[in-house]
Structures are given as structure tokens and as C-alpha cells.
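J.: Quick note: the sequence shown uses UniProt numbering, first residue 1, plus one each step.
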Amino acid sequence: MTENSKTASPVHPGRPAATLAKLNAVAELQRIIEYSRGSVGVSALHVETGERLGLHEDCRFPLESTIKIAIAMKVLALVDAGELALSDWIEVQSSEMNSGGPLGEEFLHDGVALSVMNLLEPMITRSCNTSTDVMFRVAGGAEAVADYVETVLGIEGFESRYTMRHALCVLHDIAELPFDVSERDALRNASFDVIDARNRMHGEKTDYRNDLRDQCTPYTMIELLNALWSGKGITRASRDLLLDIMSRTTTSPERVKGRLPQGVPFANKTGSGLGAAADVGFLTLPDGRGTVALAVYVKDSPENMAYRNSIIADVARLAYDYFVLIS
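(1) On the three-state DSSP scale, how would you describe F107?
(2) So what does DSSP say about T249, is it helix, strand or coil?
(3) According to the neighbour-count rule (16 or more other Cβ atoms, all chains shown, within 10 Å of its Cβ), is P261 buried or exposed?
(4) What residues match up with T291 in a beta bridge as DSSP calls it?
(5) Compare the Cα-Cα distances from I90 to each of A81, S131 and E64 and report the closest residue.
(6) Determine the burial state of L20: buried for a count of at least 16 other Cβ atoms within 10 Å of its Cβ, exposed for fewer.
(7) Counting only the same chain and skipping the five closest in sequence on each side, list residues whose C-beta sits under 6 Å from that of G203.
(8) Below 7 Å CB to CB, which residues in the same chain sit around G251 once its five sequence neighbours on both sides are set aside?
(9) Indicate the three-state DSSP secondary structure (helix, strand or coil) for Y219 in the structure shown.
(10) Taking only the alpha-carbon atoms, compute the straight-line gap between residue 339 and M246 and give it to the nearest angstrom.
(11) Since V112 is in the beta strand (DSSP E), which residue starts that stretch and which ends it?
(12) Decide if V315 is buried, meaning its Cβ has at least 16 other Cβ atoms within 10 Å, or exposed.
(13) Looking at I222: is its Cβ nearer than 9 Å to the Cβ of E57?
(14) Which residue wins for smallest C-alpha separation from L84, given the options R259, Y162, M117 and S327?
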């Protein structure tokens, strides 16, 4: 039995009673999710009115690269406190060179240094894993990010234990690397099946290893997005900067954006992993109807990435139509 087969409770204690429109939307969400053949969770919040929509909001999912929003917020909080400047140059250590993203792909030799701003940008827009581990280091490590989310933002249940280097070792099913060996170098002569781990389907040799991956619930991710939207824990200038960066994200446009009307703005961060896919961010509704924070997660899927993407696209279109209808 998958988590999706559990009885869903779209209305949490203390929240307004579901309207007929919400009941219909939740029923349609359930229908879409039944075709996923994995576990899917969705949470959405109209940030101006507080209206919510969700299903399996309290199930835990691997964060994958959606954790990079929290890393960016922690780094920007250091900038706001005067402990760091966006113009500060940070050296990229050779062991931090990870596969995936512009730094790991383009800079093949030691001696790379970039400004904080030029590390934040590709971490979000192109999900650069090398930039991410540099930003983890600048932020004070995974524990410092977790402490910021829990102590400053007041959000519980958001895990931050591992660097991207560790997460990629789990993804590609390779042993934890010595400190002086980069993940990029470890994969240099790996087989295509190892390198293409994100598309791997469930089988006898597949272990999703969720216990070794940082996790949160869709509901918790919406709490993080709402904190960002309201400028909690960072200044207004840093909030606006991060939202602007997120609006330029180029990864996996076939997910949330895949079935939306053309031109609908979506400032987002995607995440991908073994049997998993995610897309989280802010949908701008038409005609001044407001903004929706949306988080969609898929895990334990036996299907390839294209199929997981299509499930996210269907869920996102339903959420978009629902909030347009009621706003």
C-alpha cells in the first residue's frame, strides 16, 4: 500500500470547512494521483486570502533541490546582518565540484572563484550542485540552515542534514567519497545507468533510500514559501532579490509550467531524484487575483521522469484553475 492509498483528509483541524468547489478539486486531485503509481503530495496557499488546497500534505517527501530555497534564505540573512556581501568572492574548493549545473560542467580545472551573487543565481535558476555546496559552506553547513529554518522562521520538520555531495552519492548509489575526491571525478568513468539515476525506474536493484535523503512535507514547504513571501527572516530587499532569481528558473519547465496557460508567471525551484520529482514556488494568477504558493512532490515512482513531470503538470493545472475560480 502506498501513502497515496491512505484516506485523505483535505481539511485539517481548525481550517475552514471545505466548499463544494474544494471538495470537487480534492476529488480531482485524488483521481490524478491514482495514476501516479507512486506517492504524490500537494499543498497550495493563496497568500493574500489564506485559502488552501492540498492532498497528502502531511506525508514526508525527499526535498531534493527544493532545499536550495532555504539555503539561499540563510545566505541572504547573513548578507542582511552584514556578515557577508553579495559582492564577496568565494573560492570553489575542488572537492565541491559536483555533476549537474554550469560550474561542474564548464570549469574543469582548479582556481575558480565567484561572487556570492554569482553563486546564488545558478544554484536556483539552473540547480547547480557545485554552487549549492559552496553556499552550504558559506551558510555554516547543513545544521546552520536547519537551525535558521527552525529557530528564525519557526518551522518544524524541515530536514537539513546533508550536503549536495552526500545527496548525489545516494542518488547515484556510490560510496561516500573521501574529502579530497569530488563527486564529479567519481562519476567520470561511471556507467550510463549510474549517471542517469534520476530516470531510473523501480526494480529489484533499486533502493530509494529515503532515510538518507533530507525530507519535509508539502505543508512544511508551503510554510517556508510563505515565510519567504512575507519577508520573515530576511529583509524586503533580499526577499525581492530571491523571488527575482526564482522567476528566472530554467529547469524542468514541463512540470508546473507544462500545462498552464502560456505566459503565467511562476517563480520556482525544482527538485529531482531517484524515483522523485518536485516543483515548488509562486504562481501569479491573472487579472489581479493574487498569488498562490504551490508545492508538488512525487516519490517512490516506478515511472520515468517524463511521467513524473506529467503528474506534476496535471496537479498544477488543477490547482491553478481552482484558485482562478474562487479568487
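Where is the CB? At the ideal position from N, CA and C, for every residue including glycine.
Note that the structure is a prediction, hence the values are computed from the model and not measured.
T.: Answer, in terms of the structure:
(1) coil
(2) coil
(3) exposed
(4) T284
(5) Ranking A81, S131 and E64 by Cα distance to I90 puts S131 first.
(6) exposed
(7) Confidence is the limiting factor: at G203 the pLDDT is only 44, short of 50, which leaves the residue's position unreliable, though a coordinate-based value still follows. Same-chain partners within the cutoff: there are none.
(8) Note on identity: in this sequence residue 251 is Thr, with Gly being the wrong assignment. Counting only Cβ-Cβ distances below 7 Å, and skipping sequence neighbours, we find R126, S127 and T270.
(9) Secondary structure at Y219: helix, using DSSP grouped into helix, strand and coil.
(10) Residue 339 lies beyond the range of the chain shown here (1 to 327); nothing can be said about it.
(11) V112 to S115
(12) It is buried - the Cβ of V315 has at least 16 other Cβ atoms within 10 Å.
(13) yes
(14) M117
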